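*Asks:* As given, the protein sequences belong to chains A and B, one line each in that order. Per my numbering, residue 18 is the first one in the first sequence, and the count goes up by one each step. Per my numbering, residue 137 is the first one in the second sequence, and the count goes up by one each step. No residue lacks a Cβ here, since even glycine has one placed at the ideal position from N, Cα and C. Keep in mind that this is a model prediction, so the values were computed, not measured. Just passing along the structure, written as structure tokens.
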Amino acid sequence: MSSETKILTTDGIPLEVSLKKAERKNKIKAFALVAPLLLFLVITYIFPIGEMFTRSIDDKMITNMLPKTFKEMENWNGKELPSEEVFSSFYYDYKALVEKQEHGKLGQRLNKEKNGFNSTTKRLFRSIKRKKIDENASIKEQMMKVHKNWGNVEYWQAIKRTAPPYTLAKYLKGMDMYYAPDGSIVQVDEDRRIHRILWLRTLEIAFFVTLFCFLMGYPIAHLLATLPMKYSNLLMICVLLPFWTSLLVRTASWMILLQQQGVVNDFFVMIGLVADDNRPEMMYNKVGTYVAMTQILLPFMVLPLYSVMKTISPSLMRAGKSLGGTPFVAFWKVYFPLTIPGIGAGCLLVFILAIGYYITPALVGGASGTLISNQIAFHMKQTLDWSFASAMGLMLLTGVLVIYWIYNKLVGVDNIKLG
Amino acid sequence: MSKNPEFVKFDKVDKSYDGKVLVVKDLQLDIAEGEFITMLGPSGSGKTTCLMMLAGFETPTNGEILLDGNIISNIPPHKRGIGMVFQNYALFPHMTVYENLAFPLRVRKVEKDEIDKKVDKALSMVSLNGFESRMPAQLSGGQQQRVAVARALVFDPAVVLMDEPLGALDKNLRESMQYEIKHIHESIGVTVVYVTHDQSEALTMSNRIAVFNDGKVQQLSNPAELYEKPVNSFVAEFIGENNTFNGEVSDIDKDKCKVKLVNAEILANPISVKSKGEKTTVSLRPERALINPKDKMDNMFTGKIEEVIYHGDHTRVRLDLLGSSEFILKVPNSTSNLELKVKEDINIGWNSVDARALDPK
Numbered sequence: 018m019s020s021e022t023k024i025l026t027t028d029g030i031p032l033e034v035s036l037k038k039a040e041r042k043n044k045i046k047a048f049a050l051v052a053p054l055l056l057f058l059v060i061t062y063i064f065p066i067g068e069m070f071t072r073s074i075d076d077k078m079i080t081n082m083l084p085k086t087f088k089e090m091e092n093w094n095g096k097e098l099p100s101e102e103v104f105s106s107f108y109y110d111y112k113a114l115v116e117k118q119e120h121g122k123l124g125q126r127l128n129k130e131k132n133g134f135n136s137t138t139k140r141l142f143r144s145i146k147r148k149k150i151d152e153n154a155s156i157k158e159q160m161m162k163v164h165k166n167w168g169n170v171e172y173w174q175a176i177k178r179t180a181p182p183y184t185l186a187k188y189l190k191g192m193d194m195y196y197a198p199d200g201s202i203v204q205v206d207e208d209r210r211i212h213r214i215l216w217l218r219t220l221e222i223a224f225f226v227t228l229f230c231f232l233m234g235y236p237i238a239h240l241l242a243t244l245p246m247k248y249s250n251l252l253m254i255c256v257l258l259p260f261w262t263s264l265l266v267r268t269a270s271w272m273i274l275l276q277q278q279g280v281v282n283d284f285f286v287m288i289g290l291v292a293d294d295n296r297p298e299m300m301y302n303k304v305g306t307y308v309a310m311t312q313i314l315l316p317f318m319v320l321p322l323y324s325v326m327k328t329i330s331p332s333l334m335r336a337g338k339s340l341g342g343t344p345f346v347a348f349w350k351v352y353f354p355l356t357i358p359g360i361g362a363g364c365l366l367v368f369i370l371a372i373g374y375y376i377t378p379a380l381v382g383g384a385s386g387t388l389i390s391n392q393i394a395f396h397m398k399q400t401l402d403w404s405f406a407s408a409m410g411l412m413l414l415t416g417v418l419v420i421y422w423i424y425n426k427l428v429g430v431d432n433i434k435l436g
Numbered sequence: 137m138s139k140n141p142e143f144v145k146f147d148k149v150d151k152s153y154d155g156k157v158l159v160v161k162d163l164q165l166d167i168a169e170g171e172f173i174t175m176l177g178p179s180g181s182g183k184t185t186c187l188m189m190l191a192g193f194e195t196p197t198n199g200e201i202l203l204d205g206n207i208i209s210n211i212p213p214h215k216r217g218i219g220m221v222f223q224n225y226a227l228f229p230h231m232t233v234y235e236n237l238a239f240p241l242r243v244r245k246v247e248k249d250e251i252d253k254k255v256d257k258a259l260s261m262v263s264l265n266g267f268e269s270r271m272p273a274q275l276s277g278g279q280q281q282r283v284a285v286a287r288a289l290v291f292d293p294a295v296v297l298m299d300e301p302l303g304a305l306d307k308n309l310r311e312s313m314q315y316e317i318k319h320i321h322e323s324i325g326v327t328v329v330y331v332t333h334d335q336s337e338a339l340t341m342s343n344r345i346a347v348f349n350d351g352k353v354q355q356l357s358n359p360a361e362l363y364e365k366p367v368n369s370f371v372a373e374f375i376g377e378n379n380t381f382n383g384e385v386s387d388i389d390k391d392k393c394k395v396k397l398v399n400a401e402i403l404a405n406p407i408s409v410k411s412k413g414e415k416t417t418v419s420l421r422p423e424r425a426l427i428n429p430k431d432k433m434d435n436m437f438t439g440k441i442e443e444v445i446y447h448g449d450h451t452r453v454r455l456d457l458l459g460s461s462e463f464i465l466k467v468p469n470s471t472s473n474l475e476l477k478v479k480e481d482i483n484i485g486w487n488s489v490d491a492r493a494l495d496p497k
């Protein structure tokens, strides 16, 4: 009983109500402050991603072109040649398209599904133009006379496959797979699997760039956190200086350094490491991508590590040593575990940035050093296959989310410290 | 087993960080085995530097530190076998209490059963049994402190260093921890070197106290002697409360001297003055001056009460006496307490033995 009695304020209003009333104004104010950002995010982030998603699975074109056909096809078992009704509704759908002059698009689209469709539909188009089809007789038989393919059940199966308004074909293509005529998923021939190589290479480069950044960033961050103020400030500027320089300029300067007649190669020749006529290629391959990306992403590793290390009291290492641990034991058992939140944050940041990196691999990567993002850009700009680009973009996004999820399971996102 | 009176020895140790200023000057200090010695001094007096040199985190610029007869200046900290309690406890935040205590044993490759036994013993010593699986962040300040003490003792070090370990605790807890640490020391007989700037802490806990100032040990003696018989005006000023008179020696014999003040002359005990005409600062503990003394005392003066401050167990009275308005009296609180009123005149007396004529300030 007593636990249910409500606490009242001195005015007799229940305390909860009174508290809500008092807090309401603050809540409205807080919401008003974040509202512009929320709106901005919806417009620039959530909406485009939704748009990307619909574009990547959209396959409504044929669905809208052949409404009657697909309605009739619902009663078709899909194994034998369809009935007269299916033939005639296809004929009327197609006739309507001819009148709107959209029949060409249908032919092209169906040809992607089954080779030979383009000529098959063109024959039908000519017959309709010359008014050779008698609409009072059996349309099924007349169509089969126009082109023998109309009597082949595989062609009707191909039409049926285009019936759903949505398709995952673009996603399958991104994984080097496609729908076979019977609707099953098959892999493309081994020598044509370009996307899978790109995905693996992207993961590999992102992994190693993260590793290199970690190996180089950890000592720098430690030095930054432990040096006296006047030196650590200078070092911090050295870390941040590249950060303030344009990405493009930095990548271009790597090109100057790494090319075959470049500074690094000149130096190698000068100290006699390599022969002048045998200069190694350090650019337009993976080496260039590794070097340039590691340098560019290094600050993203150093800063989270630094912010974590700054909070670790130097007396902890001293305690470790005074209790009998060698400097290495004190580091490994005491210092290192305490920096794991920073390592997690830095690695996650660098890895996620690296996995979607574009400019640097595009400029210094060459053929063997480009990543999946370059492929996305290629389809955006060259082939204009936006739905495929969207599909791959979303696959990349999903990949990042999966990594984030795995990371959360392993380390726990609550342990991340960015600053 | 006889105790080594020079268990820890600082032999002519100098320390400078920048090559310009000596933080520790010609330090000569012997610490006996099993002793509880406190390094007391204001901040920047070099006491923590001495501790760090003993722990091995700083190297002496000159001179040697010996532990049980062996020079340890070149031995790295982890091989010295010296336990240390840090100012902010320095418990490993990612380890449980058990793991914290087991750390020094594990790095020494002690057997698991032995570790369990020792950790258990150390925890019971600081009455924290049952806290093994807690993380340091789940403990209160006092509990963390006790874990830190237990961790510094768990591997049976010969010497334990404590660097202002109670600085972060509140007053009541600090006092109870003082007794606790003192009792632990008494029961296991380890040598403790304790650094603090809190004089009452030093007086409560130590066998001997080394008062540091300006990189030098000003006085090294037991608490009673330090308080009763400070050898110079810094020590007199730093330990306890102190009334001072600045003057000039006008007459001196074996155990008494006359000190001429601006407008009076007092009798004092010559400690660091040798001859007539020397400048001196006379130091007198507030509780050694009595109001309306019944017995004859060789210094008897009349002062005017300027301020009366009630402190509960005693009352502080500020007097205008012999040209100084900073003369403090401590009157114990009792039922027969005197009616002390501001602006009233009052008779004050003290013995010349208690008025120590020290070096001039």
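Run down chain E in chain order and give the residues with a C-beta less than 7 Å from the C-beta of Thr343(A).
*Replies:* You won't find chain E in this structure, because its protein chains are A and B.
*Asks:* With respect to the beta strand (DSSP E) encompassing Lys394(B), which residues constitute its N-terminal and C-terminal limits?
*Replies:* One-based indexing of the second sequence puts residue 394(B) at position 258. Note, Lys394(B): beta strand (DSSP E), 393 to 396.
*Asks:* Mind pulling the chain B residues with CB within less than 9 Å of Leu333(A)?
*Replies:* Sequence index remark: in the first sequence, residue 333(A) carries index 316 (1-based). Within chain B, the residues near Leu333(A) are Phe222, Ala226, Leu227, Phe228, Pro229.
*Asks:* Under three-state DSSP, which class holds His450(B)?
*Replies:* Counted from its first residue, the second sequence places residue 450(B) at position 314. Of the three classes helix, strand and coil, the one that applies to His450(B) here is strand, per DSSP.
*Asks:* Around the Cβ of Val418(B), are there at least 16 other Cβ atoms within 10 angstroms (buried) or fewer (exposed)?
*Replies:* Counting from 1 along the second sequence, the entry for residue 418(B) is found at position 282. Val418(B) should be labelled buried.
*Asks:* To the nearest angstrom, report how far apart Ala491(B) and Ile464(B) are at their CA atoms.
*Replies:* As a working mapping, residue 491(B) is identified with position 355 in the second sequence. As a working mapping, residue 464(B) is identified with position 328 in the second sequence. Ala491(B) and Ile464(B): Cα-Cα distance of roughly 14 Å.
*Asks:* Alpha carbon to alpha carbon, how far is Trp271(A) from Val328(B)? Give it in angstroms, no decimals.
*Replies:* The sequence position of residue 328(B) within the second sequence is 192, counting from 1. The sequence position of residue 271(A) within the first sequence is 254, counting from 1. C-alpha separation (whole angstroms): 60 Å.
*Asks:* Does the Cβ-Cβ distance between Lys161(B) and Gly351(B) come in under 8 Å?
*Replies:* In the second sequence, the residue the question calls residue 161(B) occupies position 25. In the second sequence, the residue the question calls residue 351(B) occupies position 215. Yes.
*Asks:* Can you check DSSP and say which residues form a bridge with Leu457(B)?
*Replies:* Against the second sequence, residue 457(B) aligns to sequence position 321. BP columns for Leu457(B) point to Ser460(B).
*Asks:* Look at the Cβ atom of Leu456(A), then the Cβ atom of Leu127(A), and state whether they are nearer than 8 Å.
*Replies:* Examination of residue 456(A) is not possible in this model, given that chain A is present from 18 through 436 alone.
*Asks:* So, is Phe291(B) buried or exposed, given that buried needs 16 or more other C-beta atoms within 10 angstroms?
*Replies:* Taking the first residue of the second sequence as position 1, residue 291(B) is located at position 155. Counting Cβ neighbours within 10 Å, Phe291(B) comes out buried, since at least 16 surround it.
*Asks:* Under a three-way DSSP split, which group does Val281(A) fall into?
*Replies:* In the first sequence, the residue the question calls residue 281(A) occupies position 264. Here Val281(A) sits in helix by DSSP.
*Asks:* Along the chain, where does the beta strand (DSSP E) that runs through Ser488(B) open and close?
*Replies:* Your numbering for residue 488(B) matches position 352 in the second sequence. Note, Ser488(B): premise wrong, no beta strand (DSSP E); not H, not E.
*Asks:* Is the CB of Ala242(A) under 8 Å away from at least one CB in chain B?
*Replies:* Locating residue 242(A) in the first sequence gives position 225, where the first residue counts as 1. False, the Cβ-Cβ gap to chain B never drops below 8 Å.
*Asks:* What do you reckon, is the C-beta of Val290(B) under 7 Å from a heavy atom of the ligand MN?
*Replies:* With respect to small molecules bound, the structure shown includes none, and the ligand MN cannot be examined in it.
*Asks:* Anything in chain A within Cβ reach of Pro240(B), meaning under 7 Å, just list it in chain order.
*Replies:* Along the second sequence, read from residue 1 onward, the residue named residue 240(B) stands at position 104. Within chain A, the residues near Pro240(B) are Leu340, Gly341.
*Asks:* Check Arg492(B) in the structure and name its three-state DSSP category.
*Replies:* As a first step, residue 492(B) is located in the second sequence; it is residue number 356 there, counting from the start. Note: Arg492(B) maps to strand in three-state DSSP.
*Asks:* Take the Cβ of Lys151(B) as the centre, count every other Cβ of all protein chains shown within 10 Å, and call the residue buried at 16 or more, exposed below.
*Replies:* Along the second sequence, read from residue 1 onward, the residue named residue 151(B) stands at position 15. So Lys151(B) counts as buried.
*Asks:* Which whole-angstrom value describes the C-beta separation of Leu413(A) and Phe70(A), a residue pair presumed to lie in contact below a C-beta threshold of 8 Å?
*Replies:* On the first sequence, position 396 is the one that residue 413(A) refers to. On the first sequence, position 53 is the one that residue 70(A) refers to. Going by Cβ atoms, the distance from Leu413(A) to Phe70(A) rounds to 13 Å, so no, they are not a contact pair.
*Asks:* Whose C-beta lies closer than 6 Å to the C-beta of Phe507(B) among residues of the same chain, with five residues either side of it excluded?
*Replies:* Since the first residue shown for chain B is 137 and the last is 497, residue 507(B) is missing from the structure and cannot be characterised.
*Asks:* If you run the structure through DSSP and keep just helix, strand and coil, what is Tyr330(B)?
*Replies:* Within the second sequence, residue 330(B) is the residue found at index 194, counting from 1. It is a strand residue.
*Asks:* Counting only Cβ pairs nearer than 7 Å, list the residues of chain B close to Ser330(A).
*Replies:* The residue labelled residue 330(A) in the question sits at position 313 within the first sequence. Chain B residues near Ser330(A): Asn224, Ala226.
*Asks:* For Val381(A), which three-state DSSP category applies?
*Replies:* Mapped onto the first sequence, residue 381(A) falls at position 364. Three-state result, Val381(A): helix.
*Asks:* Tell me where the alpha helix (DSSP H) around Lys77(A) begins and ends.
*Replies:* For this step, residue 77(A) is matched to residue 60 along the first sequence. Run containing Lys77(A): 77 to 82, per the alpha helix (DSSP H) assignment.
*Asks:* Among Asp249(B), Val326(B), Tyr225(B), Leu237(B), which residue has its Cα nearest to the Cα of Val278(B)?
*Replies:* Numbered from its first residue, the second sequence carries residue 278(B) at position 142. Before going on, a small fix: residue 278(B) reads as Gly here, not Val. For the residues Asp249(B), Val326(B), Tyr225(B), Leu237(B), the minimum Cα distance to Gly278(B) belongs to Tyr225(B).
*Asks:* Starting from Thr184(A) and walking both ways along the beta strand (DSSP E), at which residues does that stretch end?
*Replies:* Locating residue 184(A) in the first sequence gives position 167, counting from the first residue. It is not in any beta strand (DSSP E) - Thr184(A) carries neither H nor E in the DSSP assignment.
*Asks:* Kindly indicate if chain B contains any beta-carbon less than 8 Å away from that of Ala362(A).
*Replies:* The residue given as residue 362(A) occupies position 345 in the first sequence. No, Ala362(A) does not count as interfacial toward chain B.
*Asks:* Does the separation of the CB atoms of Glu300(B) and Val262(B) fall below 8 Å?
*Replies:* Within the second sequence, residue 300(B) is the residue found at index 164, counting from 1. Within the second sequence, residue 262(B) is the residue found at index 126, counting from 1. No.
*Asks:* Go through its chain and collect everything with a Cβ distance to Phe228(B)'s Cβ below 8 Å, but skip five positions before and after it.
*Replies:* Your numbering for residue 228(B) matches position 92 in the second sequence. If we look at Phe228(B) and ignore the five residues flanking it on each side, its Cβ neighbours are Glu235, Asn236, Phe239, Pro272.
*Asks:* Comparing C-alpha positions only, which one of Ser404(A), Gly191(A), Tyr352(A) sits nearest to Leu215(A)?
*Replies:* Here residue 215(A) is taken as the residue at index 198 of the first sequence, counted from 1. Minimum Cα distance to Leu215(A) is reached at Gly191(A).
*Asks:* Could you check what DSSP says for Met18(A) in three-state terms: helix, strand or coil?
*Replies:* Reading the first sequence from its first residue, position 1 is the one you call residue 18(A). Low per-residue confidence applies at Met18(A): pLDDT is 43, beneath 50, and the placement is therefore not dependable, though the value from the model is reported in the following sentence. Reduced to three states, the DSSP call for Met18(A) is coil.
*Asks:* Return the Cβ separation of Pro213(B) and Ser339(A) in integer angstroms, given the expectation that the two are a contact with Cβ distance under 8 Å.
*Replies:* Residue 213(B) sits at position 77 when you count from the first residue of the second sequence. Residue 339(A) sits at position 322 when you count from the first residue of the first sequence. Yes, Pro213(B) and Ser339(A) are in contact; Cβ-Cβ is about 5 Å, under 8 Å.
*Asks:* Apart from the five residues just before and just after Lys117(A), which ones in its own chain have a Cβ nearer than 6 Å to its Cβ?
*Replies:* Position 100 of the first sequence, counted from the first residue, corresponds to residue 117(A). Contacts found: none.
*Asks:* Spell out a yes or no on whether the region 363 to 382 of chain B and the region 203 to 219 of chain B are touching, meaning 3 or more CB-CB pairs, one atom from each, closer than 8 Å.
*Replies:* Segments in contact, no.
*Asks:* Just how far apart, CA to CA, sit Pro196(B) and Gly155(B)?
*Replies:* In the second sequence, residue 196(B) corresponds to position 60, counting from 1. In the second sequence, residue 155(B) corresponds to position 19, counting from 1. Their backbone Cα atoms lie some 12 Å apart in a straight line.
*Asks:* What is the rounded straight-line gap between the Cα of Glu268(B) and the Cα of Val325(A)?
*Replies:* Residue 268(B) sits at position 132 when you count from the first residue of the second sequence. Residue 325(A) sits at position 308 when you count from the first residue of the first sequence. The straight-line gap from Cα to Cα measures roughly 27 Å.
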